[in-house]
Amino acid sequence: MITYNDVLTRLRRLIGNDHLILVVLAMVVGTLAGGAVIAFREAISFIQLMLYGSGSERLFASAHTLAWWQILFTPAAGGMVVGLMVHFGLPKKRPEGVADVIEASALHGGRMSSRVGLMAALISAVSVGAGASVGREGPAVHLGASLSGWIGRRLNLSRSQTRTLLGCGVAAAVAASFNAPIAGTLFASEVVIGHYALRAFAPIVIASVAGTALSRAWFGDFPAFALAETPLASFWEFPVFVVLGLMSGAVAIIFMHSIVLAQRLGGITPLPLWLKPAVAGLVVGLTGLAFPQVLGVGYGVTENALLVQLSLAMLLAIAVAKIFATAVSIGWGFGGGVFSPSLVIGALTGGAFGIAVTNLFPEYSSGPAAYTLVGMGAVAAAVLGAPISTTLIIFEMTGDYALMLGVMVAVVISSEITEQVYGRSFFSLQLKQRGIDLRGGFEAEILATIRVSEVLANNSELVSPDVGLPDLRVMLQNSRIGEIYVVRDDGALFGTITLADLSDVAFDKTLDDLLCAGDVARTQPQVLCEDDDLESALALLAETEDDRIAVVENRSAMLFRGYVTHADVMAAYNKALLNTRHEEHGA
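The working numbering puts the sequence shown at residues 51 to 637.
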């Protein structure tokens with residue numbers, strides 16, 4: 051029989067259960083991130099309504115009612131505002147997005163600044179609202195992650211808990227943006243967390259559901275694109291889907307490389323950083339005069355492609371214009387993401403391919419709409435480096451699961467081609483440009499998350515440069531580590547001494563009064579800084595073939611702080627590895 055005291059005991063256990071607390075926090079974060087995404091989308095609509103007279107995501111549909119100067123100069127004016135906001139509001143002097151979230155998760159334990167997140171979201175809202183050819187989903191992800199990372203920091207959660215909460219914010223943001231709770235869950239695990247951790251999965255699911263519920267209550271529960279079901283006409287189409295996958299991979303590479311080229315051009319152009327978005331806006335406005343479909347997120351032209359309302363030539367022309375406009379927008383400083391543009395470009399690519407295939411083999415084709423859907427998934431998956439979640443996003447956005455096998459084939463082919471030729475994703479490319487390479491996978495991420503200061507040994511044996519040889523001999527004979535550190539009076543490291551350094555003078559007593567520690571020390575030794583990570587420490591230990599490396603505060607002042615050993619680095623790595631495995635398996 052269960053007594054009242056038994057119930058109280060169990061309640062106390064539940065209240066003190068870290069995992070239960072994380073689940074509750076996940077619900078809070080999911081609701082908060084979902085609400086933030088709603089506010090973000092409404093801000094875009096409001097800005098667009100003020101500037102263009104229409105708050106719809108299908109902006110080009112009302113382009114014929116706008117004056118030519120409105121299309122030409124509105125993006126430029128928005129770019130001027132964005133440039134000033136970035137210059138005065140963001141410490142890194144650039145818009146932030148999904149790559150920053152991945153960096154925070156991999157290297158900073160999920161901690162992010164809420165102030166930067168809110169400012170970045172406002173900059174992106176102005177960018178999209180002014181007609182820049184960028185996406186709104188990336189900034190939404192960054193906003194949700196910033197808020198969840200801020201909560202984790204304020205509550206002083208552990209690194210593992212904060213990363214999980216970061217994943218919750220990402221999942222809720224994706225789910226609220228696309229009305230796609232399953233895809234939101236998998237995107238957070240696949241792209242941001244980097245693994246499908248069992249202990250993290252339940253909170254991420256709850257956050258995704260909370261974000262979706264709030265979004266559906268506000269915007270309604272219906273697919274982003276309404277289209278008739280497009281079943282697979284014949285299994286002979288699978289080789290054609292493979293070809294479309296190859297083509298989509300090539301288009302994804304061209305798209306990403308176009309952005310890189312635009313960034314390089316922007317980097318060498320002698321203009322102030324705050325002025326470059328305005329120039330980009332003028333270029334986008336000029337492009338919009340000929341192809342208004344490039345303005346904003348571009349979901350209107352995606353719907354046109356799905357409904358087969360555009361000719362082959364028009365699909366190809368808009369695809370080229372969209373790649374160009376997006377490259378200029380992102381490369382020259384507008385805030386925004388690549389998700390929407392990659393979906394639009396994929397739809398245009400797939401639609402053009404589908405028209406060609408249907409004209410050549412009408413009896414074996416599922417129709418242009420089917421290939422439009424497959425192209426959307428294939429290009430977006432290759433750009434985002436997220437084949438699983440992108441596939442699900444496509445189905446949840448359209449409500450059409452009939453072509454699942456075809457989409458999966460093309461997605462796998464395009465993702466593999468892109469990874470082998472260009473890199474895993476646009477986000478990994480951005481991180482690589484910052485000197486961050488996460489291709490070593492989850493083990494390399496662990497090494498990069500631990501600072502040298504966390505494994506620092508401070509039981510060092512110190513001497514000043516004027517200590518005599520007799521004292522050095524005694525100290526080295528009794529040394530626990532076989533090495534003495536020579537430190538100046540101001541605390542700066544002068545050098546190191548081992549028994550091997552005294553081999554030439556060890557038994558020559560005539561030198562005892564002539565030489566001191568400063569004379570026999572190895573000066574300018576290889577050192578590590580407290581803020582260096584264990585990946586750098588292991589590399590330096592391997593390079594010097596030493597068992598230990600001195601640690602200083604920084605390489606300019608050289609203030610001595612201690613040392614690290616190979617054994618301590620490996621012990622810290624193994625401990626972190628076990629903790630992560632514990633998180634994954636929920637043990």
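Glycine residues also receive a C-beta, built at the ideal position from the N, C-alpha and C atoms.
DSSP, read as helix, strand or coil, puts threonine 319 in coil.
Shown here, phenylalanine 544 sits in a strand according to DSSP, grouped into three states. The secondary-structure analysis by DSSP pairs isoleucine 534 across a beta bridge with Ile547. Serine 439 is classed as buried because its beta carbon has at least 16 other beta carbons within 10 Å across all chains shown. Taken through DSSP and simplified to helix, strand or coil, arginine 266 comes out as helix.
The residue from Val459, Thr422, Trp286 with its alpha-carbon nearest to that of serine 392 is Thr422. Here lysine 372 is not near valine 333, since their CB atoms are 9 Å or more apart. Within a 10 Å sphere around the beta-carbon of phenylalanine 389 sit 16 or more other beta-carbons, which makes this residue buried. The beta carbon of aspartate 563 sits closer than 8 Å to those of Gly518, all from its chain and outside the five residues before and after it, given in chain order.
Restricting attention to alpha helix (DSSP H) runs no shorter than 4 residues, the region 591-636 encloses them at 616-635, ordered along the chain. In the three-state scheme derived from DSSP, where H, G and I count as helix and E and B as strand, alanine 507 is classed as strand. Secondary-structure assignment with DSSP links threonine 573 through a beta bridge to Gly545.
For cysteine 579, the beta-bridge partners assigned by DSSP are Val602.
In the structure shown, valine 513 falls within a strand segment according to DSSP collapsed to helix, strand and coil.
DSSP, reduced to helix, strand and coil, places glycine 185 within a strand of the structure shown.
Boundaries for isoleucine 243: no alpha helix (DSSP H) harbours it, and the DSSP string shows neither H nor E there.
Excluding residues up to 5 positions away in sequence, Ala328, Gly331, Leu332, Gly335 lie with their Cβ nearer than 7 Å to the Cβ of alanine 126 in the same chain.
Glutamate 353 counts as buried, since no fewer than 16 other beta carbons sit within 10 angstroms of its beta carbon. Glycine 385 sits in coil when the DSSP states are folded into three classes, being neither helix nor strand. With a 10 Å radius around the Cβ and a threshold of 16 neighbouring Cβ atoms, proline 520 comes out exposed.
Taking the CA atoms as reference points, alanine 238 sits about 34 Å from tyrosine 102. Taking a C-beta distance under 9 Å as the contact criterion, threonine 399 and isoleucine 309 do not qualify as a contact pair. Unbroken beta strand (DSSP E) runs of no fewer than 3 residues, entirely contained in the region 316-376, are not found. A direct Cα-to-Cα measurement between arginine 598 and valine 614 gives close to 5 Å.
CA-CA distance, phenylalanine 476 to leucine 99, rounds to 31 Å. Annotation: the continuous alpha helix (DSSP H) that includes phenylalanine 228 extends over 209-228.
By the C-beta criterion, the region 408-427 is judged not to be in contact with the region 203-216, since fewer than 3 inter-stretch pairs fall below 8 Å.
Annotated three-state conformation of glycine 568 is helix, per DSSP.
The Cβ atoms of glycine 84 and valine 148 do not sit closer than 9 Å to each other. Segment contact: the region 418-437 against the region 451-467, three or more CB-CB distances shorter than 8 Å; contact assigned. Put simply, of Asp271, Gly244, Ala230 the residue whose alpha carbon is nearest the alpha carbon of valine 255 is Ala230. Taking all protein chains in view, the Cβ of glutamine 480 is crowded by 16 or more other Cβ atoms within 10 Å, so the residue is classified as buried. According to the DSSP assignment, lysine 142 belongs to no alpha helix (DSSP H), since it is labelled neither H nor E.
With contact defined as three or more Cβ pairs closer than 8 Å, the region 359-373 and the region 143-163 are not in contact. Assigned with DSSP and collapsed to three states, arginine 501 falls in strand.
The alpha-carbon separation between arginine 203 and tyrosine 623 amounts to approximately 23 Å.
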